[in-house]
Each structure stands twice: as C-alpha cells, then as structure tokens.
Amino acid sequence: MKAISKLKCIVTPQPSVETVFTPLLRPYSLTAVAKLPESSSLIDEFTKFCYQRDLPKAMKAMDSMQKQGIWADSITYSELIKCCLARGAVEQGKLVHKHVFSTGYEPKTFLINILLNMYVRFNLLGEAQKLFDQMPERNVVSWTTMISAFSNAKLNDKALGFLILMLREGVRPNMFTYSSVLRACDGLPNLRQLHCSIIKTGLDSDVFVRSALIDIYSKWGELQNALRIFNEMLTGDLVVWNSIIGGSAQNSDGDGALNLFKSMKRAGFLPNQATLTSVLSACTGLALLELGRQVHVHIMKFNRDLILNNALLDMYCKCGSLEDANFVFIRMVERDVISWSTMIAGLAQNGYSGEALKLFESMKVSGPRPNYITILGVLFACSHAGLVEDGWYYFRLMKELFGIDPGREHYGCIIDLLGRAGKLDKAVKLIHEMECKPDAVTWRTLLSACRVHCNVELAIYAAKQILKLDPEDAGTYILLSNIYANSQRWEDVAEVRRIMRVRGVRKEPGCSWIEVDKWIHAFILGDNSHPQIDEISRQLNQLIQRLMGVGYNPDSNFVLQDLEGEQREDSLRYHSEKLAIVFGMMRLSGEKTIRIRKNLRICGDCHVFAKLVAKMEHRIIVIRDPIRYHHFHDGVCSCGDYW
DNA sequence: ATAGGGTTAG
30 MKAISKLKCI VTPQPSVETV FTPLLRPYSL TAVAKLPESS SLIDEFTKFC YQRDLPKAMK
90 AMDSMQKQGI WADSITYSEL IKCCLARGAV EQGKLVHKHV FSTGYEPKTF LINILLNMYV
150 RFNLLGEAQK LFDQMPERNV VSWTTMISAF SNAKLNDKAL GFLILMLREG VRPNMFTYSS
210 VLRACDGLPN LRQLHCSIIK TGLDSDVFVR SALIDIYSKW GELQNALRIF NEMLTGDLVV
270 WNSIIGGSAQ NSDGDGALNL FKSMKRAGFL PNQATLTSVL SACTGLALLE LGRQVHVHIM
330 KFNRDLILNN ALLDMYCKCG SLEDANFVFI RMVERDVISW STMIAGLAQN GYSGEALKLF
390 ESMKVSGPRP NYITILGVLF ACSHAGLVED GWYYFRLMKE LFGIDPGREH YGCIIDLLGR
450 AGKLDKAVKL IHEMECKPDA VTWRTLLSAC RVHCNVELAI YAAKQILKLD PEDAGTYILL
510 SNIYANSQRW EDVAEVRRIM RVRGVRKEPG CSWIEVDKWI HAFILGDNSH PQIDEISRQL
570 NQLIQRLMGV GYNPDSNFVL QDLEGEQRED SLRYHSEKLA IVFGMMRLSG EKTIRIRKNL
630 RICGDCHVFA KLVAKMEHRI IVIRDPIRYH HFHDGVCSCG DYW
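Each residue of the first sequence is one higher than the last, beginning at 30 in my numbering.
In structure tokens form, the structure reads like this:
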C-alpha cells in the first residue's frame, strides 16, 4: 500500500475500480513516468549506463531513482541484470531485484523471468524458488527456467515435480522444456511416457529435443532406441552426432561409435572436443592404442581441454601404455580429481603399485581432494603390492581422512587384498559384515582367491552365491562343474549342466583382438576364418615344441583356473590369446610390444605360456582381460600371478 | 527471457 501512495505522487492517475482492487496486477503505463521532465534525465542517464555496462554508475543512478520514486522500463532493467551476470555481481543483482519490486508496479513476467534466470545462474536455487513462488503469473519460460535449474543440479524429483505442476496449471511445455526435463528422467517408464508426449506435440522434430532423447535413451542403456531416433532424423547438427557417438561409446559399442564418427566426417561435420572425447573412449574400450595415438595427434589444438585430456590419459592407461599416460599427465596444464584418479588406478592396474601410491602421496600434498574412485585405486594398489597393512589403514580411515564412506567396491578391494594374502576366512568374515549387500562382483572376488589358494569348499560356496545373484553367468557354471568333476562328484556335475540347459545359459567363446597395421585381427576359439590361420597354427605348434624343451607342459591341470571352460587339451592349445600372440610375433617387429585384448579372463595355461614366450623370445606382451592387466616381461607377469 | 553432446570405478 505504501508503494501505491508513492506512485500517486508521480502520475496522479484517476483511480479506477481495478486499480483499487488489483493494483499489483494492472501496471500503469510506464511511458507516463518517462514523460515527466525532472525524472527523464535521470532515467536517461541510468539507461545510458546500463547499455554501456557501467555497473557502478548504473547502480548509483538506480539508487537516486529509488529515492525519487521514479522507474525505468523492463528492458533497461534486463540490461542491468545481464551486466550483473557478466560480472558475477550477486549483491548488485539482489539490489536490482529489490528495486524492481518496490516500484508499485507489478514487474512484468518477462522481467521476473530474467531475475529468476539470474538466481539460477548464480546458483542460488533457494532464492529462485522463493521468487518463483511469489510470481502472480508464470509462463512457459518461468517453468522451464526452474525445470532446467533443478535438472542441472541433478535434483530430478524436483524437476519432474515442476513439470507436473506446470501441466496441472495448464501451461504447455515447449521444446525448451522437454530438452531440459528429459535429463531428469528417473527411469525408462518415465522416459517412454515423456517421449510419447513429445511425439504427440510434434516437438520430436526439434534438434535439441532429439539430442536430449538420444542421450537419455543411451544413458538408460537403450542404444537401439537412441539409434532409431538418430536414424529417423533428416537433418541434424554436431551435437546430435556427438550424442549418438557418445551413446555408442558409453554402451560399449566402440565399433559402432567409430563407424558413426566416420559417417559424421563424411557428412561434412568437423569434430569438436566432445566428439573426440567419445572417440577416445571408444579406442579405450577396444584397446586400440594405435588409433588412439592418431587421435592424440589430432587433438593437439585442444590441448587445454581438461575432459579431453582425461580421456586421453585413460586411453593410454587402459591400452597398457603407462609411458604415454605419464607423458600426458605431467604435461596437463590443469588436473582435476578425475585426472589423478585415472592415473593412480591406471598405474595400479598395470602393475605399478608403488608408483600409484607415490602419486597418491603427492596428490594428498598438492592435488585435489580424493573422492570415492580415487580411494578405490589406492586400495587396489595396496592389494596388488601385497600391502595388507596400508590397505587396511586406508580402508578403516577413509571416512575419517577423506570423508568417504566405504562402498561395495571398497569392500571388494579389501576382499581382494585379504584373498591375495591367503586370509580367506577373514575375507569371508568381512563379506558377512559388510554394510552394503555383497553383489555378484563381491563373490567373484572371493572366488578368485579360492581359485588361487585351491580352497574347493569355499569356491563352491562363492560360486553358488554368484549364481543366485547372476543366474546367467556362464563362466561360473563352468567353473563349478569343473570343480565337481575334479572331486569326482559326477551327480553334481550333471546337475550343474542340467541347470545350464534349463536356463539356456551359453558360454561365450573366448576371443582375442590384436591391432596390426591399422587392422584389428580377431581370433575366436574354434573359428578358422583368419586368412593366415594355417601359418599361425604351424608356428604356434613349433613354439609350443620349443617351450616344452624348457619345461612347459601344456596339459597342465588348471581346472580351478579355467574360467573359459576351454580346458580340453586340443582347445587349450588353440586358446585365442595364444593365436593372437603368435600372430603378433609374426607381424610386429621385435622391439614392439604385443598388445592383446580379451573378452574372457586369461586361463592359467595361457598365463604360463605368455610368461615363457616373453622370456624365451624376448618380447613384451600385454594382455588386457575384462578386469585385469597382464604385462609379461622376462618370464614374469605384472599381476604377480594373482588374478 | 527458457534447451541438447564429452572424462575416472563397477
């Protein structure tokens, strides 16, 4: 009411019925204010400062206007707010907000939306929400601003809640709304529901909505749907390509990602940082070191991009080239917690535990605060180096030292640590004491330890736990039946085989990949389609003969280690990694490292074989299986024969 | 005035 009286002094309007009852909803024409001679010069000054982006002078002018009870128009205020935003001037922004609301006019929805947006950009969601609640009228922009604020803050429930309220109030979402709210989906049913409404409104033709749809379908693991949306598109932009390439890479379809990347270039798009990050991530997944190196050459111009550098670092780590990884790491102009975690875990996984722990020490001194994943790498390093005491120390004190609660994966590392040290009973005890429920991975860790330490009874127990949680796990069935066979428990063997048949579980054939001269050669157990297979087999047989001369016995009884179920002697002889190693020796010059990626875990016989080849033939061999790295050099393996 | 894409573990 005070505001109203002020207003009357300036323009002295004839009060109508409406102005008496709804003064705040019916603003007087602002031109009436500007016409007053004594105020116009001040407003002109203010306007000038706003457009000149002279924040201090504009704020001063605004203050004088406030004292005289005169006001400028919404456009000018919106300029001033832009100026506050550009300078990060939070306090000044709040003053503008106060000023705008003291005019006695109800600020236009347009102007309040700009204020809303200002609070969102300043990350003051509470203020934004307060202002939003006070708005007499909210249009699609107001709602969308709130939805995008909450979905960016990962407060998905709130973002979706706003969409529902908006619909209830009869405000129709537009393409801006949908492209924001899609990121806040809480599951596939929800996503399908949103997708339906988008199709009904015809907004699925918008490129922003499309890229958001492609992205979110990929994030929920439905790459097929993402591809369908992508393929139905007639025109697209770089972001849409990036969405589908990134989606493929994230859903472990590296091949698909690389093919899409080729198509994208053919369609005339220039890749940017986001594209190249996904391409690197595809190389990482496929262990394509040489292709990754080529990408490295092409991203030199983006060498200040942190995310891209992190992806590059990870590529070198996961392709087993720690020299290159270190080269990238030390040259990075900026390193965040991901860079450090990647490097620490990379060193540990590739057998450089000491270096990993040293790096962690320097991170504690001069790096960012370690997070959940950093600690995983540290525990893994301790486990790998057999540092039981250090591992326990970090595990027990991680909450106290770094403020991180131990999760299932941390327990997994400690179980691995105890298992490696042969303390199986302690490992089992820990599993039963875990605060979070053990999952199949947890039990598989225990099973690994049982395998190495030949604890049959505990292995059977662990295998049964795995199968309860993951009834499709072919490797575990095979392992279980092998254990029974080894103990002559034929009825149990038959039972396991029967369950496998009933559940339709089929074992995946062992497959190894090796990159030679920009070609990827795949060797699949039982498949003879490689053009040089005869020569490879011949050389493999010769090699086996040579190795037998130094004590290699291919008929080893690796029942407990044979996760592939390929342990019959004839197939053992032709395990895919053996073919790949021989092929690598044939095609790669002596000083080159033979790098192989495998889909299944390496068996004990191949492990012995690789160690001997490395020693006898003076080759460095790196084999990456789904969870561990094996660097074979001079008769020893970086895994310390524990995997 | 409001919108979409990239990196660490599992």
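Cβ coordinates follow ideal geometry from the N, Cα and C atoms, glycine included.
Counting of Cβ neighbours within 10 angstroms places residue 360 among the exposed residues, the total staying below 16.
Beta-bridge analysis with DSSP links residue 627 to 541. The Cβ neighbour count for residue 364, taken over all protein chains shown within 10 Å, is at least 16; the residue is labelled buried. By the Cβ criterion, the region 290-308 is in contact with the region 267-279, since at least three pairs of Cβ atoms, one from each stretch, lie closer than 8 Å. Of the residues 501, 547, 490, 532, the one whose Cα lies closest to the Cα of residue 513 is 490.
Across the set 357, 247, 289, 508, the C-alpha of 508 shows the shortest separation from the C-alpha of residue 632. A check of alpha carbon separations from residue 333 across 362, 356, 307 identifies 362 as the nearest.
Put simply, the region 371-378 touches the region 340-351. At least three CB pairs are less than 8 Å apart.
The C-beta distance from residue 544 to residue 386 rounds to 31 Å, too long to meet the 8 Å contact threshold. Boundaries of the beta strand (DSSP E) harbouring residue 651: 650-653, taken from the DSSP string. Counting C-beta pairs with one atom in each stretch, the region 608-619 and the region 537-555 have three or more that are closer than 8 Å, which means they touch. If you check the CB distance, residue 569 and residue 608 come in under 8 Å.
Per DSSP, the continuous beta strand (DSSP E) segment holding residue 658 begins and ends at 658-662.
When rounded, the separation of the alpha-carbon atoms in residue 258 and residue 196 is 25 Å.
Nearest to residue 91 by alpha-carbon distance, out of 121, 111, 206, 616, is 121. At the C-beta level, residue 445 and residue 412 come within 8 Å of one another. In terms of CA proximity to residue 406, 382 leads the group 382, 421, 69, 311. Here the C-alpha atom of residue 232 lies approximately 46 Å from the C-alpha atom of residue 625. For the region 501-577, the continuous beta strand (DSSP E) assignments of 3+ residues that do not extend past its boundaries occur at 540-545, 548-553, in sequence order. Exposed is the label assigned to residue 434, since fewer than 16 other Cβ atoms lie within 10 Å of its Cβ.
Ranking 371, 634, 335 by CA distance to the CA of residue 580 puts 634 first. When DSSP reads this structure, residue 485 sits in no beta bridge, so it has no partner.
In terms of Cα proximity to residue 96, the closest of 71, 313, 84 is 71.
Taking 8 Å as the cut-off, the beta carbon of residue 660 is found closer than this to the beta carbon of residue 379. Comparing C-alpha distances from residue 437 to each of 416, 408, 417, 454 shows the shortest one belongs to 408. Around the beta carbon of residue 658, 16 or more other beta carbons sit within 10 angstroms, so the residue counts as buried.
No Cβ-Cβ contact shorter than 8 Å links residue 147 with residue 161. Between residue 652 and residue 627 the beta-carbon gap is near 6 Å, inside 8 Å, which marks them as a contact.
DSSP, reduced to helix, strand and coil, places residue 635 within a helical segment of the structure shown. Taking all protein chains shown into account, residue 556 has fewer than 16 neighbouring C-beta atoms within 10 Å of its C-beta and is therefore exposed. By the beta-carbon neighbour count (other beta carbons within 10 angstroms, threshold 16), residue 141 is buried.
In the DSSP assignment, residue 119 falls within the unbroken alpha helix (DSSP H) covering 119-129.
Separation of residue 645 and residue 564 (C-alpha to C-alpha, rounded to the nearest whole angstrom) is 20 Å.
With 16 or more other Cβ atoms from the protein chains shown falling within 10 Å of its own Cβ, residue 75 counts as buried.
When 219, 181, 335 are compared, the shortest CA-CA separation from residue 193 is found for 219.
Judged by their CB atoms, residue 151 and residue 172 are not nearer to each other than the 8 Å cut-off.
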